[in-house]
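See below for the structure under consideration.
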Ligand SMILES: *Cc1c(COP(=O)(O)O)cnc(C)c1O
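Residue numbers (the numbering used here): 59 to 292.
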């Protein structure tokens, strides 16, 4: 299938992003092994927000299939076409979701990582029922209790998980967190893991370019990595 990109663009970036991706996969494996864990249990979510499709194509062509975006509109404009060109893509929503964008989100994303309030959970449940879908979802936990940050308060997490799972029948597969930028991330990863364990939840989406090795040490099943693959964003 023809790919509408400038050839030289592919060639330059192909080398860089795919090499970075391979390096990070190796670091994940090495790090996991050093803590007696299996690196194969850690999925790298390649975060392609702000990255033009032309620069994503080489990573897809190299065989990677799990990606993350943080905006619904941007995901639609890039991934409807990319998904036609490459089969088997698993696209994760990593950013805050407004209820008026739930229908679009459910149409383009395969996993929603940012379920963080009752209104959104209900809207997602309704939309998915309407479309006969039950996408895997993560509950986002605001482990740092930050005013400006999305996520359910850790003290309300158990009740919210129960609501999502038992009453709304959402397919809750994991928990997700973004630790405060200026803090040591370990306690946040440990807290997320503790909440997951007591609620019998398997997946932990935690760790980004700057702290994924710490996240792996604390049992991350999914690390979300953007700038270490594609370079710094503007
Ligand atoms: C942007 C973003 C990432 C990736 O951040 P990098 O530091 O570039 O790896 C991960 N998770 C979320 C929720 C993001 O918004």
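Positions of the beta carbon are idealized from the N, C-alpha and C atoms, including for glycine.
Annotation: the region 213 to 253 contains the following complete segments of the alpha helix (DSSP H) (minimum length 4 residues), in chain order: 215 to 220. The closest CA to that of residue 196, considering only 190, 218, 205, is found on 218.
Near ligand 1, meaning a beta-carbon closer than 7 Å to one of its heavy atoms, we find 105, 107, 126, 128, 152, 153, 236, 266, 267, 268, 282, 283, 284, 285, 286, 291. Counting only runs that start and end inside the region 91 to 118, the beta strand (DSSP E) elements of at least 3 residues fall at 101 to 105. Rounded to the nearest whole angstrom, the CA to CA distance from residue 119 to residue 111 is 12 Å.
A direct Cα-to-Cα measurement between residue 280 and residue 101 gives close to 5 Å.
With a 10 Å radius around the Cβ and a threshold of 16 neighbouring Cβ atoms, residue 282 comes out buried. With contacts defined by Cβ atoms closer than 7 Å, residue 249 and residue 201 form a contacting pair. When rounded, the separation of the alpha-carbon atoms in residue 175 and residue 238 is 20 Å. Relative to the Cα of residue 214, the nearest Cα in the group 193, 226, 146, 253 belongs to 253. Taking 7 Å as the cut-off, the beta carbon of residue 178 is found no closer than this to the beta carbon of residue 149. Going by DSSP, residue 157 is part of no alpha helix (DSSP H) at all; its letter is neither H nor E. A Cβ-Cβ distance of about 6 Å is found for the pair residue 163 and residue 151, placing them in contact under the 8 Å criterion. At least 7 Å separates the beta-carbon of residue 160 from that of residue 132. Residue environment analysis places residue 245 among the exposed positions, since fewer than 16 neighbouring C-beta atoms fall within 10 angstroms of its C-beta. Bridge partners of residue 285 according to DSSP: none are assigned. Excluding its 5 nearest sequence neighbours in each direction, residue 169 has C-beta neighbours in its own chain below 6 Å: 150, 194, listed in chain order.
Rounded to whole angstroms, the separation of the alpha carbons of residue 225 and residue 289 is 42 Å.
Taking every protein chain shown into account, the CB of residue 145 has fewer than 16 other CB atoms within 10 angstroms, so this residue is exposed.
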